[in-house]
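Residue 491 in the numbering used here is what sits at position 511 of the sequence shown, and the numbering runs on without skipping anything.
Glycine included, every Cβ here is placed at the ideal spot set by N, Cα and C.
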Amino acid sequence: VFGKIPSLRTTTSALKGIYVDSVLNSSNITFTIGFSDCANAGCGIQIYDPNHLGIYKYTGNWTSKLSSSQNTLWTRITNLAGDNSDNSVNLSSFTATAKLQSLKGVYILAEFICGNGECESTMGESNNNCPTDCPSVPSTPTPSTPPAAGPGGPGGPAAPPVTPAPPVTLVPLEIKSTLLETVLYPGEEKTFSVDITNNLDSSVSASVTVEGPAFSLLTVQRPVLTIAAKSTEVVNIKAQASPTTVPGIYPGEIVVTAGNITHRTPVTIKVQAVLEPLLDVKVKALSKTVAPGENLVFEVSLVNMGQTASVEDITVTYNVKPISDETKIIATSKETVAVQNVLTYRREIKIPEDAPQERYIIEVNASYWYGKKFALSADNFDVSALPLPLMILRAALLNPITYIVLFLGVPAVVVGSRWYAAYRAAKLAKARYIAPIDFKALPKAGPNSIEVGKIAETDVKAYIDTSQLIMHSIAAGGTGSGKSVSAMVCAEELLKRKVPVIVFDPTAQWTGFMKPCKLKAMLDLYPKFGLKPTDARSFKTNVILVEDPNMEIDLKKYMNPGEITVFVMNRLKPEQLDAFVRKSVQAVFDMRPPESKEIKLLMVWDEVHRLLPKYGGKGGYVAIERACREFRKWGIGVFVISQVLLDFKGAIRANIANEIQLRTKYEGDIGRVKSKYGIDYASKVTRLTIGTALFQNPEYNNGRPWFISFRPLLHSPFALTDEEINQYVKLNKKIEEIEKRIGDLKAKGIDTYDIEIELNIAKDKVKTAAFKMAETYLESVENRLGKLEKGK
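Structure (structure tokens):
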């Protein structure tokens, strides 16, 4: 077994450290260490001269992954002279070679050992690279001899006398310690030394003690000693951490006392917990049936689940055992591996020719951490000479479960299937809606679709493509069926996407967009559609009260992103209503909008059945038909709301892609549904709940209709009162007057920027029915305008 040892656990001057555990007994072993990767300080330290390199062997005790070396216990075994005279260093291949009698041990490659107390100058050790072993000693200058001639003599003038340098005074005691800082693991011990040099001419008695928390870990071998004159004594100190020592940092001092001289050497001992590896093993037999004499193929996964970076020296044993007698092993093999994170591999093991044909297990036993821990896994397979189909049939016939299934399971399946069929039939009979739906063929969620509710009687969200809204829509149904709700939901979703909406409303119901929904009955429906009461909101709304059918209609003025404009026509007479609808359609042609493939505007005409000739209508119906033919090329969608659908001529229905049929008792529409989609759909139309509609678009669901339950409204379902509408009109007129006054001031070169900002706030308040706040802002604007107009 080979393992690398970091220099932290050997010596700081080591290029490489290797641990070898071997049972080889050969007497002629060649041991080589390469150091090509150590050039240019690649191994962390600089090589001063490769001819100095030698291999050292540790002579102390060593425990793998726990021990740290003592520098004085390294013995050099190659290049003893430090000049490569034994040719142990090959400078061509960058290798160092040693001849060994025994391979087991700890080895390092180094030029010298820094910290062993010897200055190996022949190996390149000096004060520059190891001041601990080679301390600098101040040199004594040699006094120069004055010239022999005196003044005026042949030697010239006499040189001034040279004062000799004072002699170097040595300290009475010199203390050197190999212990300054070390790391111990619980259960580990190390030995260090303290060198005490007596520079006096007489012997000295000294004592060595340890103070501080490190006292519990350090033992002085000779606490009291006598040092002869001009000599050095070595005191060994044993550092030992018991298995129960708490990990941590233990500081302290080694105190040497001799007479009135006290020397303190600080030491730090770090006790570090041993990280135990944790391994998991999994095995899977890839050959579930193996014939005698063939190879079993299996897959093994070793997973490192512990805190260590890797798990090494794993001995994996593979055993094949019969399930009937797991003490018997018919085949086995073994190997040693290592794993960092996950190691997965395949192996084969041969099944003996005489192996009985029965069920076996492949058992994998992983032994690691010096045999102290184990991980086990197993999987089963069959040894049989029969083909796999016959083997499966044989196992099934011999298994008693097969007969239990035959006598109990088959009747249960028959009864269960009949019960399920009856349950499905009863459920279909009770179902309110028909659901021949291909969900994959319905509109999907995306940037070009809007969510309008759910597919009826399901939790599947329902969508409408905005591209289909350009192809126009019609919603028809009886009073209170929710036909306006279907259009309002589409309008709300488009307003969220900053698409303007213009509505021609003869009922004033659409003015409710100014306020958030507060109707409890509608708020109670929110959770069913994934909404919260806080989702209720208002929308910026412009209300145009139409009292003159001949009023000018400037649609471009109202095409503001995210705003809805409602032309309230409830004060027009029926014949005036028809004329105004014609005028509204003509206003689009007069605007001459650019062509667009995306929806730019949604125009809604409510209560359109009033325009039918049978109800007294004339040209308004024809104008709507013209709008359905022409508006799509400009990106303008038409949404028509009516109580009846069949009475519209084919010319209009042919140009409308989305047909939304809500609950109706009108026989004409019921007959149309029956003839077009079948009697089942026709019978359901009369029983639709409020807000649920039969939706049909030939582009989806293979041309078949499907039922949609539209979500509840976010805005108020109630129209503004006549008082609120009158107040809105009053404030709007005041805003128009103020805008005219601002225009006059700007024409005179007066800065009105701040006033315009405040006016815009007032406009927004008016559009959301916050009339009192709007009046406050308008009053402030008028006061400021008055000051500007007076020149103050």
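Go through its chain and collect everything with a Cβ distance to residue i's Cβ below 6 Å, but skip five positions before and after it.
i           : result
residue 58  : 34, 35, 68, 78
residue 250 : 163, 229
residue 521 : 493, 494, 544, 747
residue 505 : 692
Could you tell me whether the Cβ atoms of residue i and residue j are closer together than 8 Å?
i           : j           : result
residue -7  : residue 110 : yes
residue 31  : residue 66  : no
residue 606 : residue 565 : yes
residue 579 : residue 450 : yes
residue 735 : residue 722 : yes
residue 239 : residue 195 : no
residue 467 : residue 619 : yes
residue 296 : residue 331 : no
residue -3  : residue 9   : no
residue 60  : residue 76  : no
residue 758 : residue 730 : no
residue 475 : residue 519 : yes
residue 219 : residue 159 : yes
residue 178 : residue 210 : yes
residue 511 : residue 697 : no
residue 633 : residue 599 : no
residue 517 : residue 694 : yes
State the beta-bridge partners of residue i as determined by DSSP.
i           : result
residue 164 : 251
residue 359 : 342
residue 585 : 484, 620
residue 354 : 347
residue 404 : DSSP output for residue 404 lists no bridge partner at all.
residue 496 : 695
residue 522 : 545
residue 439 : Paired residue(s): none; residue 439 is not in a bridge.
residue 291 : 319
residue 231 : 248
residue 15  : Beta-bridge pairing links residue 15 to no other residue.
Taking only the alpha-carbon atoms, compute the straight-line gap between residue i and residue j and give it to the nearest angstrom.
i           : j           : result
residue 538 : residue 583 : 12 Å
residue 742 : residue 644 : 44 Å
residue 430 : residue 290 : 55 Å
residue 497 : residue 473 : 15 Å
residue 727 : residue 709 : 27 Å
residue 356 : residue 256 : 18 Å
residue 174 : residue 153 : 12 Å
residue 102 : residue 42  : 29 Å
residue 679 : residue 452 : 13 Å
residue 556 : residue 616 : 25 Å
residue 14  : residue -12 : 20 Å
residue 554 : residue 702 : 20 Å
residue 171 : residue 361 : 57 Å
residue 560 : residue 462 : 26 Å
residue 1   : residue 276 : 33 Å
residue 546 : residue 402 : 53 Å
residue 552 : residue 529 : 7 Å
residue 442 : residue 685 : 13 Å
Please list, in chain order, all residues of the same chain as residue i whose beta carbon is under 7 Å from its beta carbon, the five residues on each side excluded.
i           : result
residue 677 : 448, 637, 638
residue 311 : 300, 329, 330, 331, 332
residue 649 : 456, 624, 625, 626, 641
residue 242 : 235
Can you check whether the C-beta of residue i is within less than 8 Å of a C-beta belonging to chain B?
i          : result
residue 62 : Considering every chain present, this structure includes no chain B. It has just one protein chain.
In this structure, does DSSP put residue i in helix, strand or coil?
i           : result
residue 641 : strand
residue 663 : helix
residue 243 : strand
residue 392 : helix
residue 272 : coil
residue 219 : strand
residue 172 : strand
residue 577 : coil
residue 383 : helix
residue 333 : coil
residue 726 : helix
Here's a check: name, in chain order, each residue in its chain whose Cβ is nearer than 8 Å to the Cβ of residue i, leaving out the five neighbours to either side.
i           : result
residue 509 : 433, 434, 691, 692
residue 334 : 272
residue 351 : 295
Closer than 7 Å to a non-hydrogen atom of the ligand ATP - does that hold for the CB of residue i?
i          : result
residue 52 : Judged by which ligands are present, the structure shown has none, so any question about the ligand ATP falls away.
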